[in-house]
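2 protein chains.
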Amino acid sequence: MKRAKKKIFADFIAQRGLKSTKQRDIILDSFLSSDRHLSIEELYLKLRAKHSNIGYATVYRTLKLFAEAGIAREMQFGDGQTRYEHVGEGEHHDHLVCTRCGNIEEFENETIEQLQSEIAASRGFLIERHRLELYGLCVNCRK
Amino acid sequence: MKRAKKKIFADFIAQRGLKSTKQRDIILDSFLSSDRHLSIEELYLKLRAKHSNIGYATVYRTLKLFAEAGIAREMQFGDGQTRYEHVGEGEHHDHLVCTRCGNIEEFENETIEQLQSEIAASRGFLIERHRLELYGLCVNCRK
DNA sequence: AATCCGATGAAAGTGATTTTCATTGGCATA
DNA sequence: TATGCCAATGAAAATCACTTTCATCGGATT
């Protein structure tokens with residue numbers, strides 16, 4: 332899993348004529364061994380703890396690269412920060428976002444996807460992607 | 332419809348001990364006779380055309396008030412701008428967002444809502460609100 | 001018409017993200 | 001291995017979409 336994504340990123344870098352650097356390796360490692368749904372700031376702080384020589388801008392730029400390479404996806408959950416989640420090939424899932432503790436769970440539902448396709452089809456709309464988020468209280472925060 | 336919302340806002344103003352002002356009347360009129368899903372900037376520019384004396388900050392503040400009063404709802408569609416849509420009582424709908432022309436259509440689907448409730452229930456999650464957006468090409472942009 | 005206090009507009013401030021720019025450092029080539 | 005090219009980096013400045021400040025204005029209650 333981790334290895335596969337490193338390979339994907341290495342290939343992406345090579346294909347674009349970009350360079351392999353220490354910073355990119357460190358950031359990729361840290362990203363892959365993190366929580367899904369990490370914000371840029373969270374990742375930056377995590378990195379700073381071990382590597383004081385990594386700049387803010389580099390983290391931003393590198394995460395954007397991950398997204399372009401297809402190993403990460405940008406997400407907004409309305410807290411004003413962009414989060415990046417891990418992307419597995421072909422996989423898609425939706426989110427349950429706890430408005431109290433901020434925890435994010437994932438779910439998949441084939442029937443909902445099916446209904447979405449029907450709705451789009453009935454209007455001649457071609458779906459490229461979708462987002463479905465349920466906001467509320469997670470089981471722990473309900474007490 | 333338009334009258335009903337003006338009444339709701341007037342009542343809201345009164346109840347809070349706020350004031351009725353020329354600017355608020357103008358902004359409300361303009362909002363009510365606009366497209367659903369207008370961004371703040373779009374509304375501001377529209378207003379400026381007729382009323383050069385309305386400030387940016389006032390438009391922001393007033394739209395927030397509309398949201399508090401329950402006649403508008405803040406929405407984010409990932410283009411970096413907050414949009415306000417009209418709110419009818421008790422109504423909820425989801426969106427089809429065209430990634431080429433930016434047009435936003437609405438839809439409702441009771442079965443999807445039902446499935447969402449089941450998913451949440453199975454995890455002990457209490458839904459407060461949700462968002463479902465389908466991004467892609469609208470019928471016109473598909474050519 | 002006087003007074004109170006919310007409302008307004010211009011400008012300054014915020015916070016997240018992006019860009020600039022001088023410098024560094026991969027890496028292909030000589 | 002040395003050289004040169006140009007991408008990558010980090011710090012700081014800039015940008016973007018808002019939000020707040022503050023001096024002044026103006027509803028509305030007395």
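Residue numbers (the numbering used here), protein chains in the order written: chain A, 332 to 474; chain B, 332 to 474. Just so it is clear, CB atoms sit at the ideal spot from N, CA and C, and this is done for glycine as well.
Where the beta strand (DSSP E) through residue i begins and ends
i                  : result
Leu-457 of chain A : 457-468
Leu-427 of chain B : 425-429
Gln-489 of chain A : Nothing about residue 489 of chain A can be read from this structure; chain A reaches only from 332 to 474.
Glu-404 of chain B : Here residue 404 of chain B turns out to be Arg, not Glu, going by the sequence shown. Here the beta strand (DSSP E) through Arg-404 of chain B covers 403-407.
Glu-399 of chain A : Run containing Glu-399 of chain A: none in the beta strand (DSSP E); it sits in the alpha helix (DSSP H), 387-400.
Glu-436 of chain B : 435-438
Environment of residue i [buried if 16+ CB atoms lie within 10 Å]
i                  : result
Asp-425 of chain B : buried
Thr-393 of chain A : buried
Ser-364 of chain A : exposed
Lys-381 of chain A : exposed
Lys-353 of chain A : exposed
Ala-451 of chain B : buried
Ser-383 of chain A : exposed
Ala-388 of chain A : exposed
Ser-361 of chain B : buried
Leu-359 of chain B : buried
Arg-347 of chain A : exposed
Nearest candidate by alpha-carbon position, reference residue i, set the options
i                  : options                                    : result
Leu-468 of chain A : A:Gln-412, A:Leu-457, A:Ser-448, A:Cys-432 : A:Cys-432
Val-390 of chain B : B:Ile-371, B:Glu-399, B:Ala-403            : B:Ile-371
Glu-536 of chain A : A:Thr-413, A:Gly-455, A:Glu-464            : Because chain A in this structure spans residues 332 to 474, residue 536 of chain A falls outside the shown range and cannot be described.
Val-418 of chain B : B:Arg-367, B:Arg-473, B:Ala-345, B:Ile-458 : B:Arg-367
Val-454 of chain B : A:Ile-435, A:Lys-350, A:Asp-410, A:Gln-447 : For clarity, residue 454 of chain B is Arg in the given sequence; the question names Val instead. If we check each option's Cα against that of Arg-454 of chain B, A:Ile-435 comes out closest.
His-423 of chain A : A:Phe-408, A:Tyr-415, A:Glu-439, A:Met-332 : A:Glu-439
Unbroken alpha helix (DSSP H) run spanning residue i, endpoints
i                  : result
Arg-347 of chain B : 333-347
Gln-445 of chain B : 441-453
Ile-357 of chain A : 353-363
Ile-371 of chain A : 371-381
Residue i: contacting residues in chain B (beta-carbon distance under 7 Å)
i                  : result
Phe-438 of chain A : Ile-450
Partner residues on chain A for residue i, Cβ-Cβ distance less than 9 Å
i                  : result
Tyr-466 of chain B : Ile-458, Glu-459, Arg-460, His-461, Arg-462
His-446 of chain B : Strictly speaking, residue 446 of chain B in this sequence is Leu, with His absent from that position. Those within 9 Å of Leu-446 of chain B in chain A are Asn-440, Thr-442, Ile-443, Leu-446.
Leu-427 of chain B : Ile-450, Ala-451, Arg-454, Phe-456, Ile-458
Gln-407 of chain B : Gln-407, Gly-409
Arg-473 of chain B : Gly-455, Phe-456, Leu-457
Cys-432 of chain B : Within chain A, no residue comes near Cys-432 of chain B; the closest Cβ sits about 12 Å away, beyond 9 Å.
Partner residues on chain B for residue i, Cβ-Cβ distance less than 9 Å
i                  : result
Val-470 of chain A : Arg-454, Gly-455, Phe-456, Leu-457
In chain order, what residues of the stretch 389-401 of chain A put their CB closer than 9 Å to some CB of chain B? none
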